[in-house]
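Protein chains: 2
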Amino acid sequence: MPYELHYWPMIQGRGEFVRLALEEAGADYVDVARRDDEAGGIGPMLDRLSDPDDPRPPLAPPFLRDGEIVIGQSAAILLYLGPRLGLVGASERDRIWTHQLQLTVADAVDEAHDTHHPVGVGLYYADQKPEALRRAAEFRVARIPKYLGYFERVLAANGGARLVGADLSYADLSLFQLVAGLLYAFPKSTAAALRTNPRVARLHETVAQRPRLAAYLGSERRIPFTEDGIFRRYPELDP
Amino acid sequence: MPYELHYWPMIQGRGEFVRLALEEAGADYVDVARRDDEAGGIGPMLDRLSDPDDPRPPLAPPFLRDGEIVIGQSAAILLYLGPRLGLVGASERDRIWTHQLQLTVADAVDEAHDTHHPVGVGLYYADQKPEALRRAAEFRVARIPKYLGYFERVLAANGGARLVGADLSYADLSLFQLVAGLLYAFPKSTAAALRTNPRVARLHETVAQRPRLAAYLGSERRIPFTEDGIFRRYPELDP
């Protein structure tokens, strides 16, 4: 039975971290909300989120269904999928470390999101633009270099090409996605940060060239970055 | 050898989620930065964070040292400690679910933090007060009820007293801490939300009465909530 991924169909969002793992592994999965048959769309997702009989409901998308098991929170989904997809080491030590890196990527993603929504998700960007300008300035100057510098250090300590051990892990895929998103949203600041963090830049390039990933990224399954997602290109935020 | 917890010594912060697990389990641990001997203070913590030879460095406190293993990110620390402290079920399914709940608590904690620092952590509260007023309004009206309502639903589906199974898990301790922090920072809004989420209110009360937790909470080891921490009482944010 294929994995069922449930996520908003119009954006990469947090679902993309799960998609990249499924795609790289060549896993059998269905992106339920993007199906256009009667079993698809966001209906099943919304039904599950509000199902009063679900004993273990997710709070929000993305969530993954694997038979009887439903898991929410993208980092928890990757914790579950990692061993099944061969995208994490076998030892507990490697698994916890890979997960720690994933959580740090997730922190950076949250901060990238908050640059355009500092006051709250219930308001439009246009209604919080002055605050966004201030928050984005700090993000560009302090946070992008801090995060990319941290991952550069981790890569350097591990030989340069991978975050954990010799094999690709889901943390590598997630770091690729973080850099891809930052390059979209903050092209100038991110390009500058990548010049001083060459191992991160190289990881971003080489992950994109992996056969399955390259096929995925060139397909219609890869939703484009847009100003509805987490990473948004508002030129005034990266002047 | 005792566990070594490294965290800022003046605040509960994200270290508190780890402390509560260690205290409830009666674990042998040292709160390194709070020791006043020459092995204590924040020196060892800062040294570790900037150690160029550390192959697996944490990005930020808190981190836990268990012999040769060092783990950062509070949720990853609890993932590691849970089985060792008897604070998570034995099955993979229970462990992933407990972790998923922990990550949802962490999301709520992040949002509580951002009410007083919407523009960025590099600025003082006084320099982002108008933004804080707007963000806190949304947090009070929409987010506190959403999160507490979610945990109420999970508790109800599990019999009412615990989030996962019949035994206490680290997610229960973390939900206790979230409620304690919200009651400190947003006393009016949180009291109102607890009236409609009685199982969450009851969990907060009963966890505090567990013998080891009660002893801990009454001791000097429990750092008070202050306006330097994640949960801050600024009356204008909960009018």
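As they're listed, the protein sequences go chains A and B.
Residue 277, in the working numbering, is where the first sequence stops; the numbers in between run on with no holes.
Residue 277, in the working numbering, is where the second sequence stops; the numbers in between run on with no holes.
We put the CB at the ideal spot given by N, CA and C, even for glycine.
If you're wondering where the values come from, they're calculated on a predicted model, not measured in any experiment.
What residue does the alpha helix (DSSP H) around F189/A start on, and which one ends it? In the first sequence, residue 189/A corresponds to position 151, counting from 1. For F189/A, the enclosing alpha helix (DSSP H) has its first and last residue at 182-195.
Within 9 Å (strictly less), CB to CB, does Y162/B reach chain A? Mapped onto the second sequence, residue 162/B falls at position 124. With respect to chain A, the C-beta atom of Y162/B has no partner C-beta closer than 9 Å.
Residues of chain A with a CB under 7 Å from the CB of T142/B: which are they? Taking the first residue of the second sequence as 1, we reach residue 142/B at position 104. By Cβ distance, chain A contributes L97, Q111.
Under the three-state reduction of DSSP, which class applies to I80/A: helix, strand or coil? For the purposes of this step, residue 80/A is identified with residue 42 of the first sequence, where counting begins at 1. Coil at I80/A, not helix or strand.
For H137/A, decide whether its Cβ has a neighbour in chain B, counting only Cβ atoms nearer than 9 Å. Taking the first residue of the first sequence as position 1, residue 137/A is located at position 99. When Cβ-Cβ separations below 9 Å define contact, H137/A makes contact with chain B.
Relative to chain B, which residues along the segment 115-137 of chain A have a C-beta separation below 7 Å, given in chain order? Flagged, chain order: L117, Y118, R131, I134, W135, H137.
Using only the alpha-carbon positions, how far apart do R250/B and P47/A sit? Here residue 250/B corresponds to residue number 212 of the second sequence, with the count starting at 1. Here residue 47/A corresponds to residue number 9 of the first sequence, with the count starting at 1. So the two alpha carbons sit approximately 47 Å from each other.
So, does the segment 99-113 of chain B touch the segment 182-195 of chain B, judging by three or more C-beta pairs under 8 Å? As far as the Cβ criterion goes, the segment 99-113 of chain B does not touch the segment 182-195 of chain B, which means the pair count is below three.
With contact counted as at least three CB pairs below 8 Å, one residue from each stretch, are the segment 108-124 of chain B and the segment 56-75 of chain B in contact? Touching, yes, given that three or more Cβ pairs across the two stretches are closer than 8 Å.
Taking 9 Å as the CB-CB cut-off, is E243/A touching chain B? Against the first sequence, residue 243/A aligns to sequence position 205. Proximity of E243/A to chain B, defined by a Cβ-Cβ separation below 9 Å, is not satisfied.
Can you find at least 3 beta carbon pairs, one from the segment 81-99 of chain A and one from the segment 166-183 of chain A, that sit closer than 8 Å? Output reads no: the segment 166-183 of chain A does not touch the segment 81-99 of chain A.
Using only CA atoms, which one of P99/B, T142/B, D276/B lies nearest to P225/B? Walking along the second sequence from the start, residue 225/B turns up at place 187. Per the Cα distances, D276/B.
Please confirm whether F101/B and I115/B have their CB atoms less than 9 Å apart. If you number the second sequence from 1, residue 101/B lands on position 63. If you number the second sequence from 1, residue 115/B lands on position 77. Yes; because the gap between Cβ atoms is below 9 Å, this pair is in contact.
DSSP bridge partner residues for E42/A (one or two, in chain order): Here the question's residue 42/A lines up with position 4 in the first sequence. Per DSSP, V68/A, R103/A.
Sequence-distant residues of its chain with Cβ nearer than 8 Å to W24/A (five each side left out): Chain A is shown from 39 up to 277; residue 24/A falls before or after that span and cannot be answered.
Terminal residues of the continuous alpha helix (DSSP H) containing V179/A? The residue you call residue 179/A lines up with position 141 of the first sequence. No alpha helix (DSSP H) contains V179/A, which DSSP labels as neither H nor E.
Using only the alpha-carbon positions, how far apart do H44/B and V157/B sit? Residue mapping note: residue 44/B aligns to position 6 of the second sequence, counting from 1. Residue mapping note: residue 157/B aligns to position 119 of the second sequence, counting from 1. In this structure, the alpha-carbon of H44/B lies about 27 Å from that of V157/B.
Using CA atoms only, rank isn't needed, just tell me which of P99/B, A174/B, R237/B is closest to A223/B. The residue you call residue 223/B lines up with position 185 of the second sequence. It is A174/B.
Give the DSSP bridge partners of V108/B, in chain order. The residue you call residue 108/B lines up with position 70 of the second sequence. Paired residues: R103/B.
Around the C-beta of Y67/B, are 16 or more other C-beta atoms found within 10 angstroms, so that it is buried, or is it exposed? As a working note, residue 67/B is residue 29 in the second sequence. That one is buried.
Using only alpha-carbon positions, find the residue among N235/B, G51/B, L58/B, R52/B that is nearest to S257/B. Along the second sequence, read from residue 1 onward, the residue named residue 257/B stands at position 219. It is L58/B.
Count Cβ pairs between the segment 227-235 of chain B and the segment 163-170 of chain B that sit closer than 8 Å; are there 3 or more? Judged by pairs of C-beta atoms under 8 Å, the segment 227-235 of chain B does not touch the segment 163-170 of chain B, as fewer than three such pairs exist.
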